[in-house]
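Asker: Read in order, the letters of the sequence shown correspond to residues 47 to 376 in my numbering. Glycine included, every Cβ here is placed at the ideal spot set by N, Cα and C.
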Amino acid sequence: MPAKPDHAALARIALAHITRIYPHSGQQRLKSAADWHPPEQAHPLFCGSYDWHSCVHSHWLLVRVLNRAPELPEAAAIRQRLGQITDDAVAAEITTFERQGQGFERPYGWAWLLMLQAELLRSSEPTARRGAATLQPLADLIHRRLLDYLPRLLYPIRSGQHNNTAFALLLCLEYARMAQDQQLERLLRERSLTWFADDRGCPAWGEPSGEDFLSPTLQQAVLMQQVMDGNTFATWLNDFLPDLAAQQPATLFRPVSVSERSDGKLAHLDGLNLSRAWCWFQLSATWPTLLAVAEAHLAAAINHLEDDYMGSHWLPTFAMLAQQAASEHA
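1) Counting beta carbon pairs with one atom in the stretch 287-303 and one in the stretch 255-267, are three or more of them shorter than 8 angstroms?
2) Quick one: Cα of Asp316 to Cα of Thr278, how far?
3) Please give the ranges of any beta strand (DSSP E) in the stretch 179-254, keeping only runs that are unbroken, at least 3 residues long and fully inside the region.
4) State the DSSP-derived secondary structure class of Pro48, mapped to helix, strand or coil.
5) Scan the stretch 317-367 and note each continuous alpha helix (DSSP H) run of 4 residues or more that stays entirely inside, going in chain order.
6) Take Thr132 and list the residues in its own chain whose beta-carbon comes closer than 7 angstroms to its own, dropping the five residues that flank it on each side.
7) Suppose contacts are defined by Cβ-Cβ distances below 8 angstroms. Is Leu377 in contact with Ala55 by that definition?
8) Is it true that the CB of His359 sits closer than 8 angstroms to the CB of Tyr96?
9) I'd like the list of long-range same chain contacts for Pro362, defined as Cβ closer than 8 angstroms, with 5 residues on each side in sequence excluded.
10) Spell out a yes or no on whether the stretch 180-192 and the stretch 239-247 are touching, meaning 3 or more CB-CB pairs, one atom from each, closer than 8 angstroms.
11) In chain order, what are the residue ranges of uninterrupted alpha helix (DSSP H) at least 4 long that sit wholly in the stretch 112-179?
12) Using 10 angstroms around the beta-carbon of Asn210, count the other beta-carbons present and answer buried if the total reaches 16, otherwise exposed.
13) Roughly how many angstroms lie between the CA atoms of Leu283 and Val339, to the nearest whole one?
14) Identify which residue in Cys101, Ser71, Phe143 has its Cα closest to the Cα of Arg191.
15) Quick one: is Gln229 buried, meaning 16 or more other Cβ sit within 10 Å of its Cβ, or exposed?
16) Output needed for Arg66: all residues of its chain with C-beta closer than 6 angstroms, excluding positions within five of it in sequence on either side, in chain order.
17) If you drop the 5 nearest sequence neighbours on each side, which residues of the same chain put their C-beta closer than 8 angstroms to that of Ile124?
18) Hey, Glu257 and Gln207: beta-carbon distance below 8 angstroms or not?
19) Cβ of Leu160 within 8 angstroms of Cβ of Tyr221?
20) Mapping DSSP to helix, strand and coil, what is Leu287?
21) Quick check: the stretch 316-328 against the stretch 366-375, are at least 3 beta-carbon pairs closer than 8 angstroms?
22) According to DSSP, is Ala62 part of a helix, a strand, or is it coil?
23) Where does Thr335 land, buried or exposed, given buried means 16+ other C-beta within 10 angstroms?
24) Does DSSP put Gly273 in a helix, a strand or coil?
25) Within 10 angstroms of its Cβ, does Met47 collect 16 or more other Cβ (buried), or is it exposed?
26) Return the Cβ separation of Leu337 and Ala368 in integer angstroms, given the expectation that the two are a contact with Cβ distance under 8 angstroms.
27) Nearest to Pro85 by alpha carbon, out of Tyr154, Gln126, Asp275, His70?
28) Just reading off the alpha helix (DSSP H) that Ala88 is part of, what are its end residues?
29) Would you kindly work out how many angstroms separate the C-alpha atoms of Ser308 and Asp353, rounded to a whole number?
30) Taking the beta carbon of Glu253 as the centre, do at least 16 other beta carbons fall within 10 Å, making it buried, or is it exposed?
31) Who are the Cβ neighbours of Trp158 in its own chain at under 7 angstroms, not counting the five residues just before and after it?
32) Is it true that the CB of Leu219 sits closer than 8 angstroms to the CB of Gln182?
Here is the structure:
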């Protein structure tokens, strides 16, 4: 097993790019040329890290590191960055959300913003607590949009990329529980069970797909683990993946290969190994034999976090998720 980057190493990678504006890939819906804004104006808080959602979840990584290891030398830079969460910056972010319409960053960016807010709320650090209070209006906007959107989404999106429904619900559930938002938690649980509780005999025949960074099968399984009690989930998982003990379908259990890490879409597959590892570690609480599968997926990607900026601007977040799950379940 390769040496795993520690909290300090992950923080250093994120700190190097959260304020790096270019290269930039961002959504802007334009009615005229006057509607275009450079990234630092449209998103004064989250304009770095290549795109908005990567900048948001890189901030989550930094707060997570601060909460876990506040004594690290990198903690001072993290606190300084959190001091940039100001009323004016959040107001500008909200203005951009409103200008871009209901679909902006839905659901991936929404989910990560709520994950960030959950981690800020969890913190005992004064800078993080102030940041949580300042960021709450944006979290409230996303809360309102979720309450409107989820009942209108008739069918879950089972892709391996940003619009995966199960992944978004899983992250939003973290926020709902941390914020003690019972209304949101009830909706997330109801939608999860409505969409996924009756699924049986998942073939996982479409996995992996060539540009995936999420496993639809495993994201769904971990979501069910969160909304069902232990016995009910064990029964459900046995029905959903009836050949799990035999590690079938095999493509779900084998780490994937990456052909080109400078291609942002192909580099997604490093993220798939990391997100699969995150899921397998969690599922090992029910099936301990899955630990080896989780470790193999983590090993396949952990030494490639900085091979190219197309990966380094986001992969450390998923490395943090995987290593966090490993420490809790290994």
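Answerer: In short:
1) yes
2) As a working mapping, residue 316 is identified with position 270 in the sequence shown. As a working mapping, residue 278 is identified with position 232 in the sequence shown. Using only the alpha carbons, I get a separation of about 32 angstroms.
3) none
4) On the sequence shown, position 2 is the one that residue 48 refers to. Its pLDDT being 46, under 50, Pro48 is placed unreliably in this model, and the coordinates cannot settle the point.
5) 337-347, 355-358
6) For the purposes of this step, residue 132 is identified with residue 86 of the sequence shown, where counting begins at 1. Closer than 7 angstroms at the Cβ level, and outside the excluded window around Thr132, lie Thr180.
7) Outside the shown range of the chain, which is 47 to 376, sits residue 377, and nothing can be said about it.
8) One-based indexing of the sequence shown puts residue 96 at position 50. One-based indexing of the sequence shown puts residue 359 at position 313. Yes.
9) Here residue 362 is taken as the residue at index 316 of the sequence shown, counted from 1. Around Pro362: Pro51, Leu56, Ile59, Ala60, Ser104, Leu107, Leu351.
10) no
11) 121-128, 133-146, 154-168
12) Mapped onto the sequence shown, residue 210 falls at position 164. So Asn210 ends up on the buried side.
13) Residue mapping note: residue 283 aligns to position 237 of the sequence shown, counting from 1. Residue mapping note: residue 339 aligns to position 293 of the sequence shown, counting from 1. The straight-line gap from Cα to Cα measures roughly 17 angstroms.
14) Reading the sequence shown from its first residue, position 145 is the one you call residue 191. The shortest C-alpha separation from Arg191 is found at Phe143.
15) Sequence index remark: in the sequence shown, residue 229 carries index 183 (1-based). The residue in question, Gln229, is exposed, as its Cβ has fewer than 16 Cβ neighbours within 10 Å.
16) On the sequence shown, position 20 is the one that residue 66 refers to. Excluding positions up to five away in sequence, the list reads Gly94.
17) Counting from 1 along the sequence shown, the entry for residue 124 is found at position 78. Same-chain partners within the cutoff: Ala57, Leu61, Leu108, Val109, Val111, Leu112.
18) Within the sequence shown, the letter at position 211 stands for residue 257. Within the sequence shown, the letter at position 161 stands for residue 207. Yes; because the gap between Cβ atoms is below 8 angstroms, this pair is in contact.
19) Position 114 of the sequence shown, counting from 1, holds the residue named residue 160. Position 175 of the sequence shown, counting from 1, holds the residue named residue 221. In this structure, Tyr221 lies closer than 8 angstroms to Leu160 by Cβ.
20) In the sequence shown, counting from the first residue as 1, residue 287 sits at position 241. Here Leu287 sits in coil by DSSP.
21) yes
22) Counting from 1 along the sequence shown, the entry for residue 62 is found at position 16. Residue state, collapsed to three classes: helix.
23) The residue given as residue 335 occupies position 289 in the sequence shown. Result: exposed.
24) For this step, residue 273 is matched to residue 227 along the sequence shown. In the sequence on display, residue 273 carries Val and not Gly. In the structure shown, Val273 sits in a helix (DSSP, three-state: H, G or I).
25) As a working mapping, residue 47 is identified with position 1 in the sequence shown. With a pLDDT of 42 at Met47, under the threshold of 50, the modelled position of that residue is not reliable, and the figure given next carries that caveat. Counting Cβ neighbours within 10 Å, Met47 comes out exposed, since fewer than 16 surround it.
26) Stepping through the sequence shown from its first residue, residue 337 is reached at position 291. Stepping through the sequence shown from its first residue, residue 368 is reached at position 322. Not quite, the Cβ-Cβ distance comes to about 12 angstroms (not below 8 angstroms), so this is no contact.
27) Locating residue 85 in the sequence shown gives position 39, where the first residue counts as 1. Out of Tyr154, Gln126, Asp275, His70, His70 has the C-alpha closest to the C-alpha of Pro85.
28) Here residue 88 refers to the residue found at position 42 when the sequence shown is read from its first residue. Per DSSP, Ala88 belongs to the alpha helix (DSSP H) from 85-88.
29) Walking along the sequence shown from the start, residue 308 turns up at place 262. Walking along the sequence shown from the start, residue 353 turns up at place 307. One C-alpha to the other measures close to 8 angstroms.
30) Start at 1 with the first residue of the sequence shown, and residue 253 comes out as number 207. Glu253 is buried by the Cβ-count criterion.
31) Within the sequence shown, the letter at position 112 stands for residue 158. Once the five neighbours on either side are set aside, the close Cβ partners of Trp158 are His99, Val102, His103, Trp106, Leu217.
32) Along the sequence shown, read from residue 1 onward, the residue named residue 182 stands at position 136. Along the sequence shown, read from residue 1 onward, the residue named residue 219 stands at position 173. For Gln182 and Leu219, no; Cβs fall outside 8 angstroms.
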